[in-house]
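Structure record follows, encoded as structure tokens.
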Amino acid sequence: MEHVSQAKAAALADTRILKTAIVDSFKKLHPRTMIKNPVMFVVEVGALLTSIQLVRDTLRHAGQFGFGLQITLWLWFTVLFANFAEAMAEGRGKAQAETLRKARAETEARRLRPDGCTEIVSSSKLRTGDIVLVSAGEFIPGDGEVIEGVASVDESAITGESAPVIRESGGDRSAVTGGTRVLSDEIRVRITSNPGETFLDRMIRLVEGASRQKTPNEIALNILLAGLTIIFLLAVATLQPFAIYSGAPQTIFVLVSLLVCLIPTTIGGLLSAIGIAGMDRLIQRNVIAMSGRAVEASGDVDVLLLDKTGTITLGNRQATLLYPCPSVKESDLASAAQLASFADETPEGRSIVVLAKEKYGLRGRELAPHNPTFIPFSAQTRMSGVDMDGLEIRKGAPEAIEKYAAERGQAVPPEIKQIIREIANGGGTPLLVAQNHRVLGAIALTDIVKGGMRERFDHLRAMGIRTMMITGDNPLTAAAIARQAGVDDFLAEAKPEDKMALIKREQAKGKLVAMTGDGTNDAPALAQADVGVAMNTGTQAAKEAGNMVDLDSNPTKLIEIVEIGKQLLITRGALTTFSVANDVAKYFAIIPAMFAAAFPQLEVLNVMHLHTPQSAILSAVIFNAIIIIALIPLALRGVRYRPVGAAALLRQNLLIYGLGGVAAPFFGIKLIDLMITYLHLA
Numbered sequence: 000m001e002h003v004s005q006a007k008a009a010a011l012a013d014t015r016i017l018k019t020a021i022v023d024s025f026k027k028l029h030p031r032t033m034i035k036n037p038v039m040f041v042v043e044v045g046a047l048l049t050s051i052q053l054v055r056d057t058l059r060h061a062g063q064f065g066f067g068l069q070i071t072l073w074l075w076f077t078v079l080f081a082n083f084a085e086a087m088a089e090g091r092g093k094a095q096a097e098t099l100r101k102a103r104a105e106t107e108a109r110r111l112r113p114d115g116c117t118e119i120v121s122s123s124k125l126r127t128g129d130i131v132l133v134s135a136g137e138f139i140p141g142d143g144e145v146i147e148g149v150a151s152v153d154e155s156a157i158t159g160e161s162a163p164v165i166r167e168s169g170g171d172r173s174a175v176t177g178g179t180r181v182l183s184d185e186i187r188v189r190i191t192s193n194p195g196e197t198f199l200d201r202m203i204r205l206v207e208g209a210s211r212q213k214t215p216n217e218i219a220l221n222i223l224l225a226g227l228t229i230i231f232l233l234a235v236a237t238l239q240p241f242a243i244y245s246g247a248p249q250t251i252f253v254l255v256s257l258l259v260c261l262i263p264t265t266i267g268g269l270l271s272a273i274g275i276a277g278m279d280r281l282i283q284r285n286v287i288a289m290s291g292r293a294v295e296a297s298g299d300v301d302v303l304l305l306d307k308t309g310t311i312t313l314g315n316r317q318a319t320l321l322y323p324c325p326s327v328k329e330s331d332l333a334s335a336a337q338l339a340s341f342a343d344e345t346p347e348g349r350s351i352v353v354l355a356k357e358k359y360g361l362r363g364r365e366l367a368p369h370n371p372t373f374i375p376f377s378a379q380t381r382m383s384g385v386d387m388d389g390l391e392i393r394k395g396a397p398e399a400i401e402k403y404a405a406e407r408g409q410a411v412p413p414e415i416k417q418i419i420r421e422i423a424n425g426g427g428t429p430l431l432v433a434q435n436h437r438v439l440g441a442i443a444l445t446d447i448v449k450g451g452m453r454e455r456f457d458h459l460r461a462m463g464i465r466t467m468m469i470t471g472d473n474p475l476t477a478a479a480i481a482r483q484a485g486v487d488d489f490l491a492e493a494k495p496e497d498k499m500a501l502i503k504r505e506q507a508k509g510k511l512v513a514m515t516g517d518g519t520n521d522a523p524a525l526a527q528a529d530v531g532v533a534m535n536t537g538t539q540a541a542k543e544a545g546n547m548v549d550l551d552s553n554p555t556k557l558i559e560i561v562e563i564g565k566q567l568l569i570t571r572g573a574l575t576t577f578s579v580a581n582d583v584a585k586y587f588a589i590i591p592a593m594f595a596a597a598f599p600q601l602e603v604l605n606v607m608h609l610h611t612p613q614s615a616i617l618s619a620v621i622f623n624a625i626i627i628i629a630l631i632p633l634a635l636r637g638v639r640y641r642p643v644g645a646a647a648l649l650r651q652n653l654l655i656y657g658l659g660g661v662a663a664p665f666f667g668i669k670l671i672d673l674m675i676t677y678l679h680l681a
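By numbering that gives the first Met the number 0, the letter at position 125 of the sequence shown is numbered 124, and the numbering carries on one by one without gaps.
This is the structure:
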């Protein structure tokens with residue numbers, strides 16, 4: 000029943016989009032709107048001219064009223080169908096925006112006053128710098144940054160993912176988004192945006208497509224289409240004097256029909272819809288693009304830079320293995336490591352406690368009777384530990400523990416030193432555990448590579464994209480992670496300026512660079528990259544710097560982004576090829592119809608054996624209008640992308656859309672001519 004309800008809801012949504020698109024098709028007839036598309040503007044002017052001529056002929060009782068009326072109506076339909084394609088694409092985006100808007104509900108906030116007390120205010124009253132308290136079950140009233148506490152947050156209203164995420168102060172997981180709900184604990188949030196300027200507000204405006212800018216390639220194509228339109232306009236305008244000289248003057252209906260059929264109306268009518276649909280496909284995958292330029296650039300990416308921590312890896316090193324000294328039991332090492340980590344609140348320390356619980360069954364340990372004194376981890380000592388029952392247990396960096404052991408004349412066993420080197424060479428971080436200054440063994444902390452990364456990078460390689468990992472780790476650790484993840488290259492010990500310099504070097508070679516990241520230190524590089532994809536779980540600085548935001552915070556999503564960008568370019572190229580190829584058949588339909596009476600020799604060009612000159616011209620105009628509406632689903636869905644070479648792609652384009660563009664009008668115009676003749680419409 001649930002699936003049936005969802006299907007009904009989707010059908011109702013599609014119906015609303017369809018109805019809205021029909022209304023918007025008429026609204027877009029305004030000349031100020033149409034002038035942005037030179038090709039369709041010429042068609043509208045032509046339709047207006049034939050309308051005026053039709054009225055004049057009617058008042059004078061001259062001309063062929065039925066033929067003129069049909070030509071005029073179909074010219075207006077051509078314009079409306081093009082507007083309908085664009086309105087449908089915009090409608091789908093607005094439907095996504097409406098879903099987001101529902102998440103932007105007005106909420107109450109507990110704002111902290113200077114005297115330390117709280118007051119209840121509406122979320123619309125909050126301003127940048129205000130501090131609010133949010134407890135379990137409450138909605139976060141605005142975009143902000145966690146400055147105190149840690150909590151589990153449900154971001155499904157924004158990302159669509161049901162799994163909660165952890166938000167805490169003092170790191171790259173401190174940014175929170177208005178409209179999300181706290182599931183546990185309490186956090187103190189500093190508001191970072193004013194009403195109407197939140198991340199969700201910006202997403203809604205972007206999704207609605209109002210700020211979509213044309214990309215350089217799209218502008219170039221528009222210039223090409225405008226150039227072709229001017230050429231054919233001049234050709235048709237100069238054709239009438241020759242027609243008069245030859246004794247076969249043409250009516251305004253025939254001349255406008257010839258012009259409309261020769262200019263690239265198909266791609267002209269679908270071009271805007273293709274661009275908007277590309278952004279819409281990104282939105283459906285929970286990626287917000289700041290401009291059409293970013294979507295198109297993603298289709299031409301040559302180099303992909305990925306920040307390691309939180310992007311390729313899980314973000315926090317975790318304890319994975321214990322290596323006891325030859326005379327020490329592994330269970331004793333696990334017990335000592337756990338005791339020494341109880342006071343270590345770092346993610347690494349917590350992971351040691353979890354490893355001891357899960358692998359060695361050390362749970363529910365009652366320490367109160369032993370009067371323990373916990374030694375918290377500090378950056379100065381680089382150790383943590385506990386003193387109890389006459390025992391001193393310490394855990395920390397190898398250098399710190401080695402110094403600690405040397406205080407009582409103890410040394411790190413050679414076997415453990417070898418293990419330390421192996422852990423470091425393997426990309427891990429070694430820690431040592433000591434009891435009463437005697438080393439018990441080593442712990443391996445591993446930076447865990449996210450699942451499926453190697454397969455994803457193999458896919459990118461097949462698409463011709465080189466992958467590079469950027470990390471602040473030392474070269475040995477970076478090389479190990481790079482091998483494990485399957486990237487093509489890496490940059491180790493990278494500072495923010497190093498990332499920017501690398502991007503600039505690649506761009507100087509003529510490469511288009513994409514980068515994903517989530518930290519404040521990634522922001523400069525995200526801003527410099529041609530395509531900068533910020534993770535939604537990252538900092539506000541990263542999201543502001545990038546030109547795309549991945550709401551799912553999945554770095555492998557970049558593969559889908561690249562595919563959508565390539566799909567946009569391929570779709571535009573395919574339909575342009577189809578549109579230009581269409582003209583070949585229209586020559587054989589209209590030219591013989593115009594001049595066969597004056598020059599009977601041209602009848603040989605009537606290869607489709609169209610019934611009369613009027614039916615030939617009307618058939619070509621009708622086909623020219625119908626083909627736009629027939630191609631709307633393809634423009635919105637996009638041509639399927641496959642990772643093949645440019646040569647293979649060109650052959651496929653010419654065979655399918657080139658030959659198809661030539662063949663389709665021959666069959667379509669002939670079929671329409673038969674129907675017109677049968678119905679005695681011409």
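Quick reminder that beta carbons are idealized off the backbone N, C-alpha and C, glycines included.
On a predicted model such as this, the values are computed, not experimentally measured, just so you know.
Ile262 - containing alpha helix (DSSP H), residue span: Careful: Ile262 lies outside any alpha helix (DSSP H) and carries neither H nor E.
Cβ neighbour criterion (16 or more within 10 Å) applied to Thr515: By the 10 Å Cβ count, Thr515 comes out buried.
Neighbour-count burial assignment, Ser134, 16 or more Cβ in a 10 Å radius: Classification for Ser134: exposed.
Nearest residue (CA-CA) to Ala396, options Leu390, Gly384 and Leu550: Ala396 has its Cα closest to that of Gly384, out of Leu390, Gly384 and Leu550.
Outcome for Lys35 when other beta-carbon atoms lying within 10 angstroms are tallied against a minimum of 16: It is exposed - the Cβ of Lys35 has fewer than 16 other Cβ atoms within 10 Å.
Buried or exposed (CB count within 10 angstroms, at least 16 for buried), Leu670: Exposed, by the Cβ-count rule.
The beta strand (DSSP E) enclosing Phe594, as first and last residue numbers: That residue, Phe594, is in no beta strand (DSSP E); its alpha helix (DSSP H) goes Lys556 to Phe594.
Local Cβ density within 10 Å of Ala477, reported as buried at 16 or more and exposed below that: Answer is buried; the Cβ neighbour count reaches 16.
Distance, Ser350 Cα to Arg437 Cα: Their Cα atoms are separated by approximately 23 angstroms.
Three-pair Cβ contact test at 8 angstroms for the stretch 121 to 135 versus the stretch 181 to 189: The answer is yes - the stretch 181 to 189 touches the stretch 121 to 135, with three or more Cβ pairs under 8 angstroms.
DSSP-derived helix/strand/coil call for Glu147: Glu147: strand per DSSP, three-state reduction.
Cβ-Cβ distance between Pro325 and Glu414 below 8 angstroms: Taking 8 angstroms as the Cβ cut-off, Pro325 and Glu414 qualify as a contacting pair.
Inter-residue Cα distance where the pair is Leu630 and Phe577: Phe577 has its alpha-carbon roughly 10 angstroms from the corresponding atom of Leu630.
Sequence-distant residues of its chain with Cβ nearer than 6 angstroms to Lys498 (five each side left out): The answer, listed in chain order, is Ile469 and Ala524.
Presumed contact (8 angstroms Cβ cut-off) between Asp487 and Arg465, rounded CB distance: With a contact defined as Cβ atoms closer than 8 angstroms, Asp487 and Arg465 qualify at about 5 angstroms.
Tyr322 (DSSP reduced to helix, strand or coil): Three-state DSSP puts Tyr322 in a strand.
C-beta atoms of Thr237 and Ile626 nearer than 8 angstroms: Judged by beta-carbon spacing, Ile626 lies beyond the 8 angstroms limit of Thr237, meaning their Cβ atoms are not closer than that value.
Met547 and Ile563 closer than 8 angstroms at C-beta: Contact: no.
8 angstroms Cβ cutoff met for Ser173 and Pro163: Annotated as distal: Ser173 and Pro163, with beta-carbon spacing of 8 angstroms or more.
Leu525 (DSSP reduced to helix, strand or coil): Correct three-state label for Leu525: helix.
Beta strand (DSSP E) segment containing Ala533, residue limits: Boundaries of the beta strand (DSSP E) around Ala533: Val530 to Met534.
Length of the line joining the Cα atoms of Asp114 and Ala533: Distance between the alpha carbons of Asp114 and Ala533 is about 37 angstroms.
Alpha-carbon to alpha-carbon, Arg112 and Val432: Between the alpha carbons of Val432 and Arg112 lies a gap of roughly 47 angstroms.
Reference Leu332; option with closest CA among Lys394, Ala84 and Asn535: Of the listed residues, the one whose Cα sits closest to Leu332 is Lys394.
Beta-ladder partner(s) of Met467, from DSSP: Answer is Leu304 and Asp488, bridged to Met467.
CA-to-CA distance, Ser290 to Asp386, given in whole angstroms: The straight-line gap from Cα to Cα measures roughly 59 angstroms.
Nearest to Leu649 (by Cα), restricted to the options Thr570, Pro632 and Ala584: Residue Thr570 holds the alpha-carbon nearest to the alpha-carbon of Leu649 among Thr570, Pro632 and Ala584.
Proximity of Ala541 and Ala528 at Cβ, strictly below 8 angstroms: Not a contact, by the Cβ cut-off of 8 angstroms.
Contact check, Gly277 vs Leu72, beta carbons under 8 angstroms: For Gly277 and Leu72, no; Cβs fall outside 8 angstroms.
C-alpha gap between Ala663 and Asn535, whole angstroms: If you take the alpha carbons of Ala663 and Asn535, they lie about 46 angstroms apart.
Where Glu107 falls: helix, strand or coil (DSSP): Looking at Glu107 - three-state DSSP - the assignment turns out to be strand.
Contacts around Ala646, its chain only, beta-carbon distance under 8 angstroms, and the 5 residues preceding and following it disregarded: Result list for Ala646: empty, nothing under 8 angstroms.
The beta strand (DSSP E) enclosing Gly659, as first and last residue numbers: Counting along the chain, Gly659 falls outside any beta strand (DSSP E), though it belongs to the alpha helix (DSSP H) covering Leu658 to Leu678.
Three-state secondary structure (DSSP) of Val512: Correct three-state label for Val512: strand.
Distance between Met593 and Gln239 (C-alpha atoms, nearest Å): Between the alpha carbons of Gln239 and Met593 lies a gap of roughly 11 angstroms.
7 angstroms CB neighbourhood of Thr676 in its chain, flanking five on each side removed: Hits under 7 angstroms: His610 and Ser614.
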